[in-house]
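Some notes on the structure that comes next.
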Amino acid sequence: MIVILVAALLGLLLWWYFSSDRLDWREKYTPDSTDPYGGWVMKELLSASRDSADFHILSDTLYRETRIDSFQTKGNYIFLGRQIYLDSLEIDYLLSFVEKGNSAFLISKGFNDLLVDTLINYDIHPWQEEADEGETNFWFESMYAYPLGTYNDSIIYANIGVDNQHLEQPYRARWVYDELPVEHRWIYWKSQIDSEYYTQIERLGHFNGDYLNFIRVQYGEGSFYLHTNPELFSNFHLREEECYEYFKQVFSHLKEGPIYWDEDNRYFQSAPGNSSDMSLYKASEGPLSFILGEKMLRSAWYLLLLGVLLFFLFGARRNQRVVPVMNKNENTSIEYSETVGQLYMRQGNHRSLGLLKMRLFLAFIREHYGLRTSYNSSQEKEQLIHRIALKSDLGEQNVKDIFALHQAIFNASEVSNEMLIRLHRRLEFFYNECK
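With the working numbering applied, the sequence shown corresponds to residues 636 to 1070, in that order.
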């Protein structure tokens, strides 16, 4: 029954999973993911704008896959993800790349501290000195790289341009999870960077009129374009025409050269052996990472875990061996006495047969009623007869007749057929009628 229930449950789960078009609503932004918050549409749009030889997906660190002197000017580095993780060597390499006249588009909710510090110089800010004692400094309010803030809502209205709006109507961006609108944390650049102290920053876009989310920072002969809302470039949003217009305005700043899409720096791992080292490296992806990254393999993995759990719940208990059916013990004394009786009848020794029948009778009394059948006096004999009569519920006279016939056979030198038959009939009556 348990096996049938488990099989039915697994069948129901398989039917439920494969009969519905289930989507992965996690934020991935990977170029090969077609889930709502994947980056496949953006990758296709960008790759379509270049020859295949001019569109590169970097699966390793920038300085390992390319050389600075091999970059053409007017090239474009693009990163799309929740957080960009760069070590100091990668930052130097990226700065050199932009300084030579290339562009870097970083679309992320968080940026490396060292990179932002280099571009914006936020370690010098006069309002920090004016903070009252006990107040939390503005730069450390956010869990993301500084100086970023969060705006919580399920909908924002994004536009390009600040003084002159490039879109006739701002793009109405919704945050949806599992087909339902939910409140979301939208990241923006805090207003302090948009001041006279940071004239190298060019405001390019905002949402809800007041929240700056897209800036340009000149560096050498090139530029960094920093956008804080990767959600707007996901498959879910780019399927809408209004978002496509927004996308075209953002990437109108692309240079004419090749595009380098950074797929490597969306992962991180603390430098081994030094917990204080804040350098970040790509996390090694094992077999389980690959399995969980594929929809069908992930489903099979979860079903396997469910099967193991059900096995431990129902099948791993100690199974007791089946107890064999034992045949009921039967009293074969009567059959035995009949067999032996036939043997003695052939020999013609009626006395021996009569005494044997009596010994078997007394053995039956001991086994069936648990009575001691030996006696040393007539008084003990009378007590035994009385107990047998009570146990068998046949009356004392029937039992007395058996003992009287036994005594007569015991005292006789020869026993007639009639006497032996009388004893046999008394014993048969007792065996058949006793309780």
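Note that CB positions come from ideal geometry on N, CA and C, so glycine has one too.
Asked                                                                                                                                                                     : Found
Spatial neighbours of residue 711 within its chain, please: CB distance less than 8 Å, with the 5 preceding and 5 following residues excluded, ordered by chain position. : 737, 738, 739, 740, 889, 890, 892, 893, 894 and 895
Helix, strand or coil for residue 695 per DSSP?                                                                                                                           : coil
Can you tell me which of the three DSSP states residue 1047 falls into?                                                                                                   : coil
Could you check whether residue 898 and residue 692 sit closer than 7 Å to each other, using their CB atoms as the reference points?                                      : yes
If you draw a straight line from the C-alpha of residue 749 to the C-alpha of residue 723, how long is it?                                                                : 8 Å
When burial is assigned at 16 or more other CB atoms within 10 Å of the CB, is residue 961 buried or exposed?                                                             : exposed
How many Å lie between residue 658 and residue 671 at the Cα?                                                                                                             : 7 Å
So, helix, strand or coil for residue 989, using DSSP?                                                                                                                    : helix
Take residue 881 and list the residues in its own chain whose beta-carbon comes closer than 7 Å to its own, dropping the five residues that flank it on each side.        : 793, 795, 802, 806 and 867
Does the Cβ of residue 729 have 16 or more other Cβ atoms within 10 Å, making it buried, or fewer, making it exposed?                                                     : buried
Going by CA-CA distance only, name the one from 822, 932, 1043 and 1016 that's closest to residue 987.                                                                    : 1043
Output the boundary residues of the alpha helix (DSSP H) element that contains residue 740.                                                                               : No alpha helix (DSSP H) holds residue 740; the beta strand (DSSP E) holding it covers 738 to 743.
Using the C-alpha atoms, what's the distance from residue 820 back to residue 612?                                                                                        : There is simply no residue 612 to check, as the chain begins at 636 and stops at 1070 in what is shown.
Around the C-beta of residue 926, are 16 or more other C-beta atoms found within 10 angstroms, so that it is buried, or is it exposed?                                    : exposed
Once you ignore the five residues that flank residue 747 on each side, which residues in its own chain have a CB closer than 6 Å to its CB?                               : 721
May I ask you to report which of helix, strand or coil DSSP gives residue 839?                                                                                            : strand
Figure out for me which residue from 851, 1019 and 856 has the closest Cα to the Cα of residue 887.                                                                       : 851
Going by the CB atoms, is the gap between residue 828 and residue 755 shorter than 7 Å?                                                                                   : yes
Taking 6 Å as the limit between beta carbons, can you name the residues of its chain near residue 869, skipping five residues before and five after?                      : 672
Output the boundary residues of the alpha helix (DSSP H) element that contains residue 1014.                                                                              : 1013 to 1027
Write down the C-beta distance between residue 1024 and residue 1034 rounded to the nearest angstrom, noting that I regard them as a contact closer than 8 Å.             : 5 Å
Can you tell me where the beta strand (DSSP E) holding residue 859 begins and where it ends?                                                                              : 857 to 862
Let me know the secondary structure DSSP gives residue 853 once reduced to three states.                                                                                  : strand
Is it buried or exposed, residue 858, if we count other Cβ atoms within 10 angstroms and call 16 or more buried?                                                          : buried
Answer with buried or exposed for residue 582, where buried requires no fewer than 16 other C-beta atoms within 10 angstroms of its C-beta.                               : Because the chain is modelled from 636 through 1070, residue 582 falls outside the range shown and cannot be assessed.
Can you give the Cα-Cα distance for residue 1074 and residue 1030, rounded to whole angstroms?                                                                            : In this structure the chain extends from 636 to 1070, so residue 1074 is not present and cannot be described.
For residue 855 versus residue 825, is the C-beta distance shorter than 7 Å?                                                                                              : no
The alpha helix (DSSP H) that contains residue 752, what's its start and end?                                                                                             : 748 to 755
Rounded to the nearest angstrom, what separates residue 660 and residue 939 at their Cα positions?                                                                        : 23 Å
Please state whether the Cβ-Cβ distance between residue 716 and residue 743 is less than 7 Å.                                                                             : yes
Quick check on residue 937: does DSSP put it in helix, strand or coil?                                                                                                    : helix
Alpha carbon to alpha carbon, what distance is there between residue 1008 and residue 997?                                                                                : 6 Å
Measuring alpha carbon to alpha carbon, tell me which residue in 689, 936, 1036 and 933 is nearest residue 1016.                                                          : 1036
Within the continuous alpha helix (DSSP H) that includes residue 828, where are the two ends?                                                                             : That residue, residue 828, is in no alpha helix (DSSP H); it is neither H nor E in DSSP.
Taking only three categories from DSSP, how would you classify residue 893?                                                                                               : coil
Suppose you measure from the CA of residue 847 to the CA of residue 838; what does that come to, to the nearest Å?                                                        : 7 Å
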